[in-house]
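When you line the sequence shown up against this note's numbering, it's residues 9 to 370, in that order.
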Amino acid sequence: MNYESLAKTSVLTQPVYEPGKPIEYVARELGLDPAGIIKLASNENPFGPSPLAVAAAKAALEHGELYPDGGCYELRRKLAARHGLHADQFVVGNGSNEIIELLGHAFVGAGDEVVMGAPAFVVYKLVTLLFGAKAVEVPLRDWHHDLPAIAAAITPRTKLVYVCTPNNPTGTANTEVELLAFVRALPDHVIAVIDEAYAEYVENPPDLRPLIREGRKVVCLRTFSKIYGLASLRIGYGYGSPALAALLNRVRQPFNVNAIAQAAALAALDDTAFATRCAAENRRGLRRIEAGCRERGWNFVPSVANFMLIEVGDGGRVFEALQRRGIIVRPVKSYGLPRWVRVTVGTEEQNERLLRELAAVV
Ligand SMILES: *Cc1c(COP(=O)(O)O)cnc(C)c1O
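Listed below in structure tokens is the structure:
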């Protein structure tokens, strides 16, 4: 008997997630100097991690022999103060991707349906399939989540409905008014999952806490991977009702979030100057890339996040050509967008280089 015949069907049929290629990997593959490569493929922070977070992470390493605080007590308290909620309304994960998986553990099984936009963050679908449920994908309209169509796709079997805002890979957002009305109209057996991974980049992000106070079934996801620049440490969180947080906390591993990440996240929350500067620089970068696209007549999807879709003709070819020139972007064919690439907003210098090299290869 081979291993495959022993594995669960959901494992054998699980699609493979294709991450942005690491700089070292591309350097090796193409014989390039890693120092000259820029990665604009995974919506990472071009300004690095918050310096306060780095100092805190280094200090935490000195106690590497100790298990972390399994309940992330201090971090949940600080998050609670930040959001004006209670600590028992939070669950912290090994990246917010882990919260998506915890939602699967807690709520999703064979015969269930999970509704999501398409294209949206692919992990919703991967986790849905892994738990043997059906992923119901609702096409975007004008690049935005089509909330009425999503509501119409809900059936008695629906367990979760994902809305990513701003959405990855489009960078588009739904309004607060829309989101509040959408969640308020959901049937009682459906949990809304609002992925706010890029909320800190948005000037006035929707405030969905009224929904939590009203007792609606909703959980919001946030991450330290993006504006706080801590993607490598893997830490994110969800917030919602205490009952929901308790269920998600029950299905996670006892020490799912390491101590280095917890220390870094605590410090990053204090570094408001860093986050404010990154958001401002990002807005300037978005304007610059938009202007560059207009000058050259390339279509783009106006974005409020830290990345943008640009129509380049053959996305796969442009991705390869850029990579040979030391710029890693993300082809989005797997999202059904073969003519586009997704580029992360970089530093001023990186954005100029991106536009120059794009012009050379498109
Ligand atoms: C980057 C991203 C995340 C963050 O995932 P982590 O596991 O916290 O690194 C979550 N959702 C979306 C839509 C993202 O693009």
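Cβ coordinates follow ideal geometry from the N, Cα and C atoms, glycine included. In this text the structure is predicted, and so the values were computed from the model without any measurement.
Query: Are H113 and V259 closer than 8 angstroms when you measure CB to CB?; Result: yes
Query: Using DSSP's beta-bridge definition, name the partner residues of D203.; Result: C172, L229
Query: Within 8 angstroms, do at least three Cβ pairs link the region 267-279 to the region 53-61?; Result: yes
Query: Determine the DSSP secondary structure at E121, reduced to helix, strand or coil.; Result: strand
Query: Measuring from the CB of G103, is there a heavy atom of ligand 1 at a distance below 7 angstroms?; Result: yes
Query: Report the residue ranges of all beta strand (DSSP E) runs contained in full by the region 292-367; include only those spanning at least 3 residues, in chain order.; Result: 315-319, 348-352
Query: Can we count K234 as close to ligand 3, meaning its CB is less than 7 angstroms from some heavy atom?; Result: In the structure shown, ligand 3 is absent; the only ligands present are ligand 1.
Query: Skipping 5 residues on each side, what residues in its chain have a beta carbon closer than 7 angstroms to that of N264?; Result: G101, N102, E106
Query: I think S18 touches L110, with their Cβ atoms under 8 angstroms apart; what is that distance to the nearest whole Å?; Result: Not really, about 17 angstroms apart at Cβ, beyond 8 angstroms.
Query: Would you report the Cα separation of V373 and L330, rounded to the nearest angstrom?; Result: This structure does not reach residue 373, given that the chain is present from 9 up to 370, and the question cannot be answered.
Query: Name the residue from L294, R364, Y343 whose alpha carbon lies nearest to the alpha carbon of L134.; Result: Y343
Query: Are the beta-carbon atoms belonging to P174 and Y206 less than 8 angstroms from one another?; Result: yes
Query: Does DSSP put Y33 in a helix, in a strand, or in coil?; Result: helix
Query: Verify whether the separation of the beta carbon atoms of R224 and V191 is less than 8 angstroms.; Result: yes
Query: Quick one: what does DSSP say P156 is sitting in, helix, strand or coil?; Result: helix
Query: Any heavy atom of ligand 1 closer than 7 angstroms to the Cβ of D203?; Result: yes
Query: Classify L74 as buried or exposed, calling it buried when 16 or more other Cβ atoms lie within 10 Å of its own Cβ.; Result: exposed
Query: Compare the Cα-Cα distances from L221 to each of V210, G44, L188 and report the closest residue.; Result: According to the sequence shown, residue 221 is Arg rather than Leu. When only C-alpha atoms are compared, the closest one is L188.
Query: Alpha carbon to alpha carbon, how far is K66 from A269?; Result: 10 angstroms
Query: Span of the beta strand (DSSP E) holding G101?; Result: 98-101
Query: Run through the DSSP bridge pairs and tell me what G244 is partnered with.; Result: G101, T231
Query: For F129, verify whether its CB is less than 7 angstroms away from any heavy atom of ligand 1.; Result: yes
Query: Rounded to the nearest angstrom, what separates I297 and G78 at their Cα positions?; Result: 42 angstroms
Query: Hey, quick one: how far does the beta strand (DSSP E) through V144 stretch, first residue to last?; Result: 142-147
Query: In angstroms, rounded to a whole number, what distance separates the CA positions of A254 and G246?; Result: 11 angstroms
Query: Using CA coordinates, which residue listed in G300, G324, R291 is at the minimum distance from L345?; Result: G324
Query: Does any heavy atom of ligand 1 sit closer than 7 angstroms to the C-beta of C301?; Result: no
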